[in-house]
Structure formats: C-alpha cells, structure tokens
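All remarks here apply to the structure that follows.
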Amino acid sequence: MSKVLIDEIVNGLYILRVNDEDIKYFEALWSIPEGITYNSYLLKTSTGYILFDTWKHHYSKLFLESLSSIVDPKEIKYIVVHHMEPDHSGSIKEVLEANRYKAIVIGHPLTKMMLKSFYGIEPRFRIVRDGEVLDIGDKKLMFIHTPWLHWPETIMTYLEDYGVLLSCDAFGGYSIPSTIFDDNREVVKSYMSYVKKYIANIIGYYRNHILRNIEKIKKLGLNIKIIAPAHGLVFRNNPGRIIDYYLRIGKAEPLDNKVVVIYGSMYGFVEKAIEYAIEVLRKNGIKPVVFKFTDKEQTSISDIVSEVIDSKAIIFGAGTYEAGVFPTIRYVAEVIKHKVGGGKQVLIISSYGWGGVAGKKLQDILAPEFNIVDVIEFRGMPSKDYLERVKKALDRLIG
Ligand code: FEO
C-alpha cells in the first residue's frame, strides 16, 4: 500500500492520509507495531481552500508535496487547528511558510498560545467560540469545543453542507487500515480492536469526557453522515457504529466474565499459583487473557491496558523485589489505575523469599478504586493450602 493516500470524500472535500509505518511507540510510550495514520483534510470553497490539520513533523516534506498535488499552498485561505498535539500540528510551520503566512489560522484560544510556544510562530489567528458557525465562501462550518478529546484546546468542525464531522482524535484508532472508508466488513472488524487500544492508551485517562462530549454532540442534533477522524478509518457507511463503540469503551463497560491475568515471575514461584488460577478459571468456562513477564517473555503494556478496559476482573501476580513490588507489575498497576480507573474485581497473588511486602504494596496502589477480593502471599512455591485459597478467592472474583 502506498504510504500516502489522497481521495475525495465528497465533492471538494479531500483526505490526505499518511501511513506511519516507521513509528514503534506512539507518544514515545505505547507500543504500536500495527502503526497509525495521520489524516488531514482539505476543503474547496468558493473563496479558496481550507486546510484542517497536518501530519507529524517527520512527514512535513511529504505533506507539502501531497498538499501541492491538489492546491498551491499559497492558495490556502484558512487552516483549522483541531488539536495541537504534534502528530497533527507538526507540519503547520512548513505549510505556513509555503503559504507565506497569508492564511488565517482558526482554533481554540489556547491554540494561539501553543503555536507560539511549540513552533515559535504567530500567524494571523481567528479564535472560534464553542458552537460558532462561520460562512466561508459557499460553505458553512460549525466549530464545537470538545475539551480533553484529547487536550483542553481540542475542537471539531461540522461541515453542514455535507453532514461531515471532522472529529480529530475522537472516533479514531491505531493501525493502518487497507481502506480509507468503512466499506469493507473485514477491514472494520479487525480495525475495531485497534480503536479500543487507542482509546485505552490515549484517551483512557479522560474517558469521562468521551461520554460528556458525545452527549454534547448528540444534543446539537446534527445530521452526521460521515465521521472523518484524524487517525484511522473514515466512517461513511455506519457513523453510528464508531460513536457507539466509543461510548461503550468510554464507559469501560465490562464484558461478561472477561478476566485479565497479568503477572511477573522471576523463577516460577508466582507462575505456579497463576497457572493454577488459570486452570481453575478454564474449568469454570472462562478463557482468561494472560500477559506475562518472565525470563523468556515480555509483553506489551499498551495491549494490557487495552484488554483491561473492558474486563470484569484482574489477577495480578508479582513477587517481592527489593522491599517492593516486582517493578514491571508495579508500573503496570499504576498505568492501569491511571488510564482505566477502578471499579473492577482484583485478586493479588504474591511470593517472597524472606519477607513479603509486594502484596500489601500492590494493594496500596490499587485500593480503594478497585475491589480487592484477596491478597494471597506465600513464601517461595505455593503450598496446597495456598492453592486452595486461590481457588476460593476465584469464586469471589468471578462470582
Ligand atoms: Fe492524535 Fe492527541 O493527538
């Protein structure tokens, strides 16, 4: 597949998409071997072109080349900045330079300040209020403030003439879908798991704002026919599907009997109890999702957060390590607490050599947000009595 995809979504509205296959860690944090796309949009009006967002700076040269295949950058009259995170704003300085700073930048009041502090630029700027409608040539644009999706300055644009919502981060997802649109069922099906991962990793901390902003958009009574986000698929067949999916993941609604098991085991002591727990779960018809950190295998924390967000219960396994919790599991627990929040059943299983503290410290990290059903700590290998205790705790965990 070509790295750059350009298409006309509706008459005069273009998508410019780049497939970022070079990235390994989004935000230098989240492992995404599946890659990501950056989608910019360009609208032709009777008075000139409006550009909506750009691409990450790594692709600024390619962006200018792609943009120039449709319009001379000097002809761009307005640049709407939906969001200042540099995966979208990273090429704006190059575009403005090619444009000779003739365009008026449109955005949230905070955006003006951030343009200066991020890129040292002070272009002509037009602040838009929440709900403000601008007539630009023959097109009507409504600007909607959608704070914390994903930063405080984030806005969306509703193109009334087409029923298109340019939603920036919201309604987007990771991965590089083989199509631009949601036309192919198989493409959409495989894409959705990357949407969940993206929500959990990137907007998880602000997920209450997903619910608030969707409620706000619904109250506006817009006739949304197409959702065009800044990452991933454009939904034109079923825009309701991506809205509903965002709502479900935003609520962190647990799937029936979904249990995630996360453990670190240096020498197999914790693993022994965890393997027993997995066996008991399977006998009860539950297929747990297991992530392990051992001397043979390490796992993706991005994927853990993605699987935890719609789980009912979590089992943590971690030994005592230098008077604390096995470090990777401590970090994972803190990330889950931060990104996913609480409200799930948790079982903690721990092992120690001479003095056990990991179970209590892990409990301190997770309580009171999570409902800790038990903290089971044993010296070395778990005895039959401890395994029996694991079994009883599992009854409460999934009961
Ligand atoms: Fe895709 Fe928050 O930037």
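The opening residue of the sequence shown carries number 5 in our numbering; numbering runs sequentially from there. The beta carbon of each residue, even a glycine, is placed where N, CA and C say it ideally should be.
>> Quick check: the Cα distance between Lys81 and Phe122, rounded to an integer number of angstroms?
In response: 22 Å
> Do you know how far the Cα of Val264 is from the Cα of Val312?
Replying inline: 6 Å
>> Short of 6 Å in beta carbon distance, which residues of its chain neighbour Val379, apart from the five on each side in sequence? Order them along the chain.
In response: Ile352, Gly363 and Gln367
> Would you call the CB atoms of Val274 and Ser387 closer than 8 Å?
Replying inline: no
>> Tell me the DSSP secondary structure of Val339 in three-state form.
In response: helix
> Considering only the beta carbon of each residue, do Tyr18 and Ile96 sit closer than 8 Å?
Replying inline: no
> Which stretch, first to last residue, makes up the beta strand (DSSP E) that contains Ala234?
Replying inline: Unbroken run through Ala234: none, as it is neither H nor E.
> Identify the residues that DSSP records as bridge partners of Trp59: which are they?
Replying inline: Partner(s): none; Trp59 has no beta bridge.
>> So, does the segment 310 to 326 touch the segment 196 to 203, judging by three or more C-beta pairs under 8 Å?
In response: yes
> Relative to the ligand FEO, what is the chain-ordered list of residues with a Cβ closer than 5 Å to any of its non-hydrogen atoms?
Replying inline: Glu89, Asp91, His154 and Asp173
> Whose CA, out of Ile318, Arg133, Gly359 and Gly346, lies closest to the CA of Gly328?
Replying inline: Gly359
> First and last residue of the alpha helix (DSSP H) that includes Asn212?
Replying inline: Arg211 to Lys223
>> On the DSSP letters alone, give me the boundaries of the beta strand (DSSP E) that Met160 sits inside.
In response: Ile159 to Leu163
>> DSSP has Phe30 in a bridge; who is on the other side?
In response: Trp34
>> I believe His235 touches Asp173 by the beta-carbon criterion, under 8 Å. Please report the beta-carbon distance rounded to the nearest angstrom.
In response: 7 Å
> What whole-angstrom Cβ distance do Met146 and Tyr162 have, given they're in contact under 8 Å?
Replying inline: 4 Å
>> Going by the DSSP bridge assignment, what does Tyr325 pair with across the sheet?
In response: Gly328
>> Taking the straight line between their C-alpha atoms, what separation do you get for Lys1 and Arg104?
In response: No information on residue 1 is available, as it lies outside the stretch 5 to 403 that the chain covers here.
> Considering only residues of the segment 60 to 91, which uninterrupted alpha helix (DSSP H) runs meet the minimum length of 4 residues and lie entirely inside it, listed in chain order?
Replying inline: 64 to 72
> Mapping DSSP to helix, strand and coil, what is Lys193?
Replying inline: helix
> How should His87 be labelled, buried or exposed, when 16 other C-beta atoms within 10 angstroms of its C-beta is the threshold for buried?
Replying inline: buried
>> Check whether the segment 36 to 44 and the segment 178 to 198 touch, using three or more Cβ-Cβ pairs below 8 Å as the test.
In response: yes
> Any idea what DSSP makes of Ile125, helix, strand or coil?
Replying inline: coil
> Given a threshold of 16 other Cβ atoms within 10 Å of its Cβ, counted over all protein chains shown, does Met399 qualify as buried or as exposed?
Replying inline: The sequence shown places Asp at residue 399, not Met. The residue is exposed, with fewer than 16 neighbouring Cβ atoms inside 10 Å.
> Going straight from the alpha carbon of Pro372 to that of Asp314, what length do you get?
Replying inline: 19 Å
> DSSP state of Arg383, grouped into three classes?
Replying inline: strand
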